[in-house]
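Here's the structure we're looking at; comments come further down.
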Amino acid sequence: MTLVRQSRDGGLKRRRFLVGAGVTAGAGALARHLPLNVIRPATAADPVPAQAHTEVRHTVCSHCSVGCSVEAVVSNGVWVRQEPAFDSPLNMGAHCAKGASVREHGFGEHRLRYPMKLVNGKYERITWDQAVGEIGDRLLKLRAQSGPDALMVIGSSKHNNEQSYLLRKWVSMWGSNNCDHQARICHSTTVAGVAQTYGYGAMTNSFNDLHYSKAVLFIGSNPAEAHPISMLHFLHAKELGAKMIVVDPRFTRTARFAHHYVRIRPGTDIAFVWGLLWHIFSNGWEDKAFIAARTHGMDDVRKEVAKWTPDKVTDVTGIPEASVRMAAEMLATNRPSSVVWCMGITQHHVGTANVRALSILQLALGNIGVQGGGANIYRGHDNVQGATDIGPNGDSLPGYYGIAEGAWKHFATVWGVDYDWIKSRFGSKELMEKPGITVSRWFDAVLEDNQYVDQPTNLRAVFYWGHAPNSQTRLPDMKAAMQKLDFMVVIDPYPSMTAAMHGRSDGVYLLPAASQFETQGSVTASNRSIQWRERVIQPLFECKTDHEIMYLFARKLGFGEQLVKNIKVVNNEPVIEDILREINRSCWTIGYTGCSPERLKLHMEHKRDFNPTTLLAETGPCKGDYYGLPWPCWGTPEMKHPGTPILYDLHKSVAEGGLPFRANWGVEHNGEPLLAADGSFTKDSEIDTGYPEFDHVFLKKLGWWAELTPEEQAQAEGKNWKTDLSGGIIRVVIAHGCAPYGNARARCNVWNFPDPVPVHREPIVTPRRDLVAKYPTYDDKAAFWRLPTLYKSVQEVDFAKDYPLIMTSGRLVEFEGGGDETRSNPWLAELQQNMFCEVNPADAAQIGVKVGDFMWVETPTGARLRLMAMVTPRVPEGLVWMPFHFGGWWMGEDLEKHYPEGGAPAVRGEAVNTGWTYGYDAVTMMQETKVSLCRLVRA
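Quick note: to get this note's numbering, add 5 to the position in the sequence shown (first position is 1).
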């Protein structure tokens with residue numbers, strides 16, 4: 006599990022860990038081999054020699070998506086120290102443990118240093134030319150034999166915006182939609198649920214905006230550990246009197262701050278939210294005027310909520326009625342109130358429905374489009390929001406344009422290539438317009454009988470491009486698929502668990518990617534603010550930036566010229582600024598068009614001018630802008646739109662950052678209006694009622710067409726606001742105070758979803774067999790994201806009689822994601838040295854374990870995880886909790902020998918997802934990681 010040994014009394018020898026892990030050698034000879042000499046007397050640093058060239062580079066923490074700025078001090082090309090950015094309005098000089106240790110990237114003792122391939126079970130060094138040549142030849146052979154859809158490309162939420170965009174373009178020109186990234190398994194349900202309710206799939210307000218909140222509901226969210234700096238903003242609100250409610254099956258570090266802690270049975274969030282609304286509606290606490298003017302389908306919600314009387318809510322959720330009522334009253338009587346969620350809401354087979362229930366709650370309370378309110382969704386990786394917005398999604402092109410013919414033609418124009426050429430790259434037009442295979446299920450596309458896979462061939466090769474496999478469920482099935490592939494390619498700064506778990510003797514390539522501190526580009530925080538990272542140091546060892554690797558492979562595969570047709574290439578590296586300018590010319594839908602490289606760089610240089618509550622620049626060259634130009638930043642950069650700090654805010658004009666709800670679903674449904682009511686409009690709008698999205702026809706009817714220049718008219722003819730490359734339609738519409746995408750109602754009834762109004766469905770693997778008949782899951786599906794997907798047939802199996810404990814998982818403050826980077830960081834490795842399982846004292850007594858003892862966690866898949874017991878009342882009797890950042894063990898075996906030499910993380914342990922069971926969201930294929938069953942056995 007780690008290099009730690011246990012002492013005879015069961016305690017951990019800190020010194021043994023430090024020596025073994027290479028964190029320090031104490032007073033021994035190993036110290037001189039360490040780059041940091043971490044254990045030594047604290048002394049002031051020597052003065053920098055006068056001849057040294059020292060400068061400060063502005064960058065952004067590469068862990069969670071708060072967007073904390075880091076000031077990297079570089080002397081003669083060496084990263085010598087880091088400082089927190091006290092002038093950043095997001096982190097205001099604060100860092101968590103992870104952020105404080107990012108300088109370790111400047112040394113990277115566990116990094117991949119050069120390309121490698123697996124030969125007879127051992128990794129051997131090869132050159133870049135050999136790597137690109139061999140892999141490229143294998144890809145071309147694969148394409149000739151089985152077509153482009155035989156390849157799966159798993160991208161990264163660590164890529165910056167430009168790399169994310171370029172990878173989606175790369176896969177498109179390869180000729181497939183089989184691409185995906187981390188958001189599929191963390192917030193795809195958020196994106197789908199919020200977008201289908203309000204219009205955009207993103208956080209509505211900001212961390213800073215919590216300063217205005219009078220009450221905050223944290224549900225399925227533990228920001229004190231997962232997003233620590235975000236807590237500073239809430240704690241400021243708490244000091245001002247805000248009430249805090251925390252809903253979680255486990256008493257977390259966040260819960261200790263709560264005025265009201267609610268312990269919920271995992272998988273029952275919809276029942277709880279409807280329980281809140283039952284009290285809100287019963288007491289008349291809802292915002293009736295907001296509902297009447299700005300929502301559609303709330304009466305359908307009322308009918309469903311009426312079924313959830315307090316006794317039923319208590320039976321299903323385990324929460325006493327008084328506790329539910331108290332939470333409802335705190336939210337309703339302390340407005341504006343905000344709701345914050347994370348993966349405790351999203352990672353369920355009803356994740357999209359969970360998200361929609363919370364979105365509806367905020368509509369009922371009138372908490373959307375106001376300061377201190379909002380649906381605030383904390384993303385888990387530094388650019389998971391940006392990668393979702395414009396990166397490798399299998400069901401859309403950048404900017405959520407979809408994959409229908411019109412979307413492809415739009416990007417063909419932007420890319421300067423012929424639509425028919427792109428179409429010729431695909432196996433067929435049908436495949437070109439069919440959502441690809443997801444990262445959550447790629448291994449099923451290898452193992453499943455081809456007659457059940459909705460594409461001509463099974464997957465035969467996979468690229469893991471900055472993604473950790475241990476962050477996915479059902480790892481035994483994944484391992485079996487890895488062994489069946491023709492070959493695998495891992496592109497990452499660290500080997501990741503991919504390098505060790507596959508069980509192969511050949512056919513695996515490891516390519517060393519540069520970290521985000523060795524490149525430059527933009528990154529989007531959870532609140533939609535976009536920040537510019539400067540390159541801190543040149544790529545270490547033989548590492549290459551991801552966009553250079555993309556270009557090298559594109560050139561080998563025959564589409565290098567098309568990939569960079571509008572992008573300058575210097576020393577095989579596409580120029581990042583040029584990629585962003587192409588994004589600016591294409592992604593009108595979400596307003597990634599006004600955020601030019603020049604504007605973003607100016608914001609980073611003048612962070613001190615932005616108000617840490619409103620994010621508005623009050624002075625300086627950015628005066629009037631919101632920090633990071635939170636999207637949508639409408640129109641061209643020349644329009645100088647300030648960004649949109651709060652989505653759906655009618656109190657500002659669109660030119661000032663205001664917006665209504667998006668008109669994305671027509672004018673009416675079943676005879677009921679979908680456009681906003683008369684009198685509901687943004688400040689300064691010349692149209693004082695609801696209106697549809699704008700196109701060339703609407704503009705002509707209004708008499709505004711003549712306000713376009715002749716050049717704009719030529720480009721806008723036959724187009725709408727999303728496809729007019731001149732930006733003229735958007736410019737004219739905003740000049741009249743209107744939103745380009747229309748002014749509509751938010752949808753409480755989403756008729757195109759499996760459950761138009763969310764309903765409680767028992768978890769697929771549930772201990773409450775008595776509730777399955779009353780609240781069943783979905784029927785099994787055939788071709789869903791190109792694969793058959795099981796629901797009812799799994800739920801019908803009674804696992805509870807053999808596996809009596811509920812199993813759930815979550816995050817630690819010390820580590821992040823799959824953990825390869827952070828568990829390889831000596832500063833963080835010391836803080837958490839063992840994979841563990843939290844178990845209630847009563848359950849621990851049943852098998853006779855105490856704190857520090859090893860035990861087996863066994864699950865219905867047949868998996869057995871050997872890990873350390875942490876006996877604590879933080880979890881209730883009948884439930885165990887494990888962190889998901891560990892990897893490097895496999896069912897009791899340490900995999901260190903299977904990593905390339907020196908590449909194994911300092912801290913290793915069982916991956917909880919080795920034992921996770923089946924379950925996928927019925928809209929997005931989000932994996933289920935928050936409720937399953939297990940049993941414990943003393944080791």
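Heads up, the beta-carbon is just placed ideally off N, CA and C, and yes, glycines get one too.
Beta-carbon gap between residue i and residue j smaller than 8 Å
i, j, result
"Thr59", "Ala77", "no"
"Ile275", "Val355", "yes"
"Ala188", "Val389", "yes"
"Thr132", "Tyr653", "no"
"Trp670", "Thr649", "no"
"Pro665", "Ala744", "yes"
"Ser106", "Trp886", "no"
"Thr478", "Asn183", "no"
"Met483", "Arg509", "no"
"Ala242", "Ser211", "no"
"Ala682", "Gly695", "yes"
Residue(s) in a DSSP beta bridge with residue i
i, result
"Lys549", "Ala518"
"Thr771", "For Thr771, which the question treats as bridged, DSSP gives no partner whatsoever."
"Val885", "Met812 and Val844"
"His301", "Arg752"
"Gly526", "Arg538"
"Glu76", "His63 and Glu88"
"Arg268", "Its beta-bridge partners do not exist; DSSP assigns none."
"Leu156", "Ala466"
"His989", "Since the first and last residues shown for the chain are 6 and 944, residue 989 lies out of range."
"Ile496", "Trp470 and Leu516"
"Arg869", "Glu863"
"Cys592", "Answer by DSSP bridge pairing: none, since Cys592 is not bridged."
"Tyr696", "Asn748"
"Met121", "Arg130 and Leu515"
"Cys184", "Val158"
"Asn398", "Its beta-bridge partners do not exist; DSSP assigns none."
"Lys312", "According to DSSP, Lys312 bridges with nothing at all."
"Asn725", "Asp700"
"Phe615", "Ala622"
"Ala874", "Cys842"
Three-state secondary structure assigned by DSSP to residue i
i, result
"Asn213", "helix"
"Asp631", "Note that residue 631 is Tyr in the sequence shown here, rather than Asp. In this structure, Tyr631 counts as strand in the three-state DSSP scheme."
"Ala944", "coil"
"Gly27", "Only weak support exists for where Gly27 lies, its pLDDT of 33 falling under 50; the value from the coordinates is given anyway. In the structure shown, Gly27 sits in coil (DSSP, three-state: anything other than H, G, I, E or B)."
"Phe448", "coil"
"Tyr597", "strand"
"Trp710", "helix"
"Trp639", "coil"
"Arg307", "helix"
"Thr827", "helix"
"Leu792", "strand"
"Val854", "coil"
"Val818", "coil"
"Glu109", "helix"
"Trp346", "strand"
"Val83", "strand"
"Met178", "helix"
"Lys786", "strand"
"Glu578", "strand"
Residue closest to residue i, alpha-carbon to alpha-carbon, out of the options
i, options, result
"His264", "Trp279, Pro772, Tyr632 and Gly246", "Gly246"
"Gly471", "Glu435, Ile373 and Thr503", "Thr503"
"His507", "Gly441, Lys317, Pro910 and Pro481", "Pro481"
"Ile296", "Asn372, Arg268 and Leu363", "Asn372"
"Ser169", "Leu123, Ile554 and Arg143", "Ile554"
"Met303", "Thr866, Val799, Glu677 and Thr687", "Glu677"
"Gly126", "Arg590, Ala505 and Asn576", "Ala505"
"Ala740", "Ser690, Glu722 and Thr594", "Ser690"
(message) Which runs of the beta strand (DSSP E) at least 3 residues long sit entirely within the segment 885-941? Give them in chain order.
(response) Counting only runs of 3 or more, we get 893-895.
(request) Run through the segment 190-255 for me and flag every whole beta strand (DSSP E) of 3 or more residues, listed as ranges in chain order. (result) Fully contained in the segment 190-255 are the following beta strand (DSSP E) runs of length 3 or more, in chain order: 220-224 and 248-252.
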